[in-house]
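A short write-up of the structure that comes next.
Residue numbers (our numbering), protein chains in the order written: chain P, 12 to 326; chain W, 140 to 464.
Printed below as a string of structure tokens:
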């Protein structure tokens, strides 16, 4: 299993030369000069701003407050109509951005922290502790996560966002850990790590300052992937009624839409906008990851191929 | 064969871990698990049956090791307890019905999305920057970012409710004789499967496609591919017999990770389409606070996923001669 564990992502990032072309801005600068990643980052920035300025964009004391008649179609007063309970969908959408993004980014960050610790440790220390950590990683990886999360949430009555973060994080770190482990294995045998060891650097220094910086793009893409997974899974759990339906998130708006037969009553404004928002955030994250992939593996870039062809055609 | 043997041992360990998690979950929750899990059986079953149900989940007097032994012993006999939602049917019977539907739906959808993803991935890598590479790749990527359940809702809204092309849910018409020898019934089953299967395919194909494309691009720059072309082999031969066969290997290994996501997607798709598979059963169990059925669903889904992974490993052996030795 281990020899085949190198996915496309880990196979790509051993090439370290992009660091030269990244210039002074580092990974971030390289990302923003990649068109796909720049679009993705733009969309994410937009939603982060919406989340921060929610009280300015849609001033309200409580987004769950009843402000209109049930299932009003979009109008000037309610730009995205109202729900069955007469709540303003636009207001809910704006405020829902907060919890949705917060849960997504917090979970993604906890997941990547666990993945980095377990992945690099098991890649760097060989022997039986690696065997045990890899076994643990592979077992967690192969046990289907969503059913397990659903069953756990079924036993906890109406878990809040923080509980969802904890449950999600404790089950979803395995993919990242495995990718990072195989990359650590490759880097461990390189000359600069050997040199650091010979000069007597302590292990934690080697891991933090020699190995980790060489996996920046891999860690970044695993982090983005974890955030995407968290956003989608959170929405899914809330949609099937396993979250706290009184906390406004994009997932709970969809839960209420489904429970109030929004499909049957043609109240499209209650279920199209939150889904579009989730999909936009998801798509933005996917775009950023395409960008990271293209930066760390120049072969995957399409722009260059097209330019070459154009140049040939011009001759 | 040693490879497959090692994998089998690994899956047994994974199964054992899943069983242990199942045993632990009720015991980690706050409150009295016995009260929580079995209160709703009181008055519906005679005390002796309730007593034997306790044993099934290991709630016997004694230390936790003894409880665990009782739980394992019952599990090995295939005893998963009694369902509350479908009282008095045993959990295993309820699960059997659901599993059959899920395997049909998910089997068809996975097979189609995998083949389609492989085929399109090969095309995208072979003709860089052309139609498949420039348009199909980003569009399937967009679908992959959609929440599964939302795509299912939109499909249901557009194709079943607005256009009325497909049924609103369930696995077959109720007014047809439920008999597999009845061609009308088979047609009805296929007809009901189209919309949920398309949803799963749309969300799953992007991952296979992108993985195959990237891996194929790397393989295409290998020397042996250049040699094959220099020998004057046909494009077809180079593409499929030389490059694709090797480029597929990471996708097969990635099957383990992908299957978890696909199963998750299938669960919510079943919920939206009221498709009577295991995912729908799981949700019914949650809503009915049917704890024995919930635990049974988790175990069964895990076993199915492990089994599918083992099949993927067997496929790996066929494709890669290096692991055969």
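Idealized CB from N, CA, C, for every residue including glycine.
This one's a predicted model, so the numbers in the text were calculated from it and none came from an experiment.
Of all the options the options, which has the alpha carbon lying nearest to the alpha carbon of residue i?
i                     : options                    : result
residue 407 (chain W) : W:381, W:288, W:427        : W:288
residue 241 (chain W) : W:428, W:449, W:409        : W:409
residue 260 (chain W) : W:353, W:370, W:290        : W:353
residue 168 (chain W) : P:309, P:260, P:167, P:276 : P:167
residue 429 (chain W) : W:267, W:176, W:300        : W:176
residue 69 (chain P)  : P:88, P:252, P:303         : P:88
residue 399 (chain W) : W:374, W:445, W:309        : W:445
residue 246 (chain P) : P:127, P:264, P:233, P:232 : P:264
residue 213 (chain W) : W:193, W:227, W:245        : W:193
residue 292 (chain P) : P:240, P:180, P:249        : P:240
residue 174 (chain W) : W:298, W:160, W:190        : W:190
residue 397 (chain W) : W:149, W:337, W:245        : W:245
residue 110 (chain P) : P:53, P:242, P:162         : P:242
residue 331 (chain W) : W:338, W:439, W:309        : W:309
residue 292 (chain W) : P:296, P:45, P:44, P:279   : P:279
residue 195 (chain W) : W:201, W:186, W:211, W:413 : W:211
residue 434 (chain W) : W:234, W:204, W:146, W:227 : W:234
residue 390 (chain W) : W:424, W:413, W:411, W:455 : W:455
residue 90 (chain P)  : P:284, P:54, P:65          : P:284
residue 202 (chain P) : P:133, P:105, P:222        : P:222
residue 358 (chain W) : W:451, W:372, W:379, W:347 : W:379
residue 283 (chain W) : P:298, P:113, P:143        : P:298
Residue i bridges to which residues according to DSSP?
i                     : result
residue 99 (chain P)  : P:93
residue 229 (chain W) : W:221
Which whole-angstrom value describes the C-beta separation of residue i and residue j, a residue pair presumed to lie in contact below a C-beta threshold of 8 Å?
i                     : j                     : result
residue 419 (chain W) : residue 274 (chain P) : The Cβ separation is near 17 Å, so there is no contact.
residue 377 (chain W) : residue 367 (chain W) : 5 Å
residue 237 (chain W) : residue 417 (chain W) : 4 Å
residue 321 (chain W) : residue 315 (chain W) : 7 Å
residue 244 (chain P) : residue 189 (chain P) : Contact flag wrong, Cβ pair sits at about 19 Å.
residue 228 (chain P) : residue 303 (chain P) : 5 Å
residue 248 (chain W) : residue 158 (chain W) : About 28 Å; that fails the 8 Å criterion.
residue 180 (chain P) : residue 121 (chain P) : 4 Å
residue 230 (chain P) : residue 67 (chain P)  : So it is not a contact: roughly 34 Å between Cβ atoms.
residue 92 (chain P)  : residue 85 (chain P)  : 4 Å
residue 209 (chain W) : residue 220 (chain W) : So it is not a contact: roughly 13 Å between Cβ atoms.
residue 254 (chain W) : residue 343 (chain W) : About 11 Å separates the two Cβ atoms, so there is no contact after all.
residue 311 (chain W) : residue 305 (chain W) : Not really, about 13 Å apart at Cβ, beyond 8 Å.
residue 351 (chain W) : residue 382 (chain W) : Not quite, the Cβ-Cβ distance comes to about 11 Å (not below 8 Å), so this is no contact.
residue 115 (chain P) : residue 99 (chain P)  : About 24 Å separates the two Cβ atoms, so there is no contact after all.
residue 268 (chain P) : residue 281 (chain P) : 4 Å
Looking at chain P, which residues of the segment 431–450 of chain W have a Cβ within less than 8 Å of any of its Cβ atoms?
Residues 433, 434, 436, 437, 440, 441, 444, 445, 448.
Under 8 Å, CB to CB, which of the residues in the segment 188–219 of chain W have a partner in chain P?
The segment 188–219 of chain W vs chain P, Cβ under 8 Å: nothing.
Any alpha helix (DSSP H) of 4 or more consecutive residues that is wholly inside the segment 271–359 of chain W
Fully enclosed alpha helix (DSSP H) runs of 4 or longer: 276–284, 287–294, 322–359.
If you measure beta-carbon to beta-carbon, which residues of the segment 235–260 of chain P are closer than 8 Å to chain W?
Residues of the segment 235–260 of chain P with a C-beta atom less than 8 Å from some C-beta of chain W are 239, 243, 244, 246, 247, 250, 251, 252, 253, listed in chain order.
Would you list, in chain order, the members of the segment 297–320 of chain W that have their beta-carbon closer than 7 Å to a beta-carbon of chain P?
Flagged, chain order: 300.
The segment 392–406 of chain W: positions lying closer than 7 Å to chain P by Cβ
Correct list: 392, 393, 395, 396, 399, 402, 403, 406.
Between the segment 133–161 of chain P and chain W, which residues of the former have a C-beta closer than 8 Å to a C-beta of the latter?
Within the segment 133–161 of chain P, the residues whose Cβ lies closer than 8 Å to any Cβ of chain W are, in chain order, 146, 149, 150, 152, 153, 154, 155, 156, 157, 158, 159, 161.
Going along the segment 111–130 of chain P in order, which residues come within less than 7 Å of chain W, judged by CB to CB distance?
For the segment 111–130 of chain P, the set of residues with a beta-carbon nearer than 7 Å to any beta-carbon of chain W is empty.
Check distances from the C-beta atoms of the segment 330–360 of chain W to those of chain P and list, in chain order, the residues that come in under 7 Å.
Listed by position, the residues of the segment 330–360 of chain W near chain P (Cβ gap below 7 Å) are 350, 353, 354, 356, 357, 360.
Determine which residues of the segment 260–289 of chain W have a Cβ less than 8 Å from any Cβ of chain P, and write them out in chain order.
Of all residues in the segment 260–289 of chain W, 267, 268, 272, 273, 280, 281, 283, 284, 285, 286, 287, 288, 289 have a Cβ within less than 8 Å of some Cβ in chain P.
Beta carbons nearer than 8 Å to chain W: which residues of the segment 49–68 of chain P have them?
Across the segment 49–68 of chain P, no CB contact with chain W closer than 8 Å is found for any residue.
Within 7 Å of chain P by C-beta, residues of the segment 224–252 of chain W in sequence order:
Residues passing the 7 Å Cβ filter: none.
Could you tell me which uninterrupted alpha helix (DSSP H) segments, each at least 4 residues in length, are contained entirely in the segment 52–94 of chain P, listed from first to last along the chain?
Uninterrupted alpha helix (DSSP H) stretches at least 4 residues long and entirely within the segment 52–94 of chain P occur at 65–68, given in chain order.
Closer than 8 Å, Cβ to Cβ, to anything on chain W: give me those residues from the segment 85–96 of chain P, in chain order.
Those residues of the segment 85–96 of chain P that come within reach of chain W (Cβ to Cβ, closer than 8 Å) do not exist; the list is empty.
Mind pulling the alpha helix (DSSP H) runs of 4 or more residues that sit fully within the segment 372–396 of chain W?
For the segment 372–396 of chain W, whole alpha helix (DSSP H) runs of length 4 or above, ordered along the chain, are 384–392.
Taking a cut of 7 Å between CB atoms, which residues from the segment 158–192 of chain P lie near chain W?
Against chain W - using a Cβ distance shorter than 7 Å - the residues of the segment 158–192 of chain P are 158, 159, 161, 162, 163, 165, 166, 167, 186.
What residues in the segment 290–312 of chain P have a beta carbon less than 9 Å from any beta carbon of chain W?
Per Cβ criterion, the list reads 290, 291, 292, 293, 294, 295, 296, 297, 298, 301, 304, 308, 310, 311.
Complete alpha helix (DSSP H) runs within the segment 185–216 of chain P (minimum length 4 residues, chain order)
Here the runs fully enclosed are 185–199, 202–209.
Return the chain-ordered ranges of every alpha helix (DSSP H) run that is complete within the segment 220–289 of chain P and spans a minimum of 4 residues.
Complete alpha helix (DSSP H) runs here, min 4: 227–250, 261–270.
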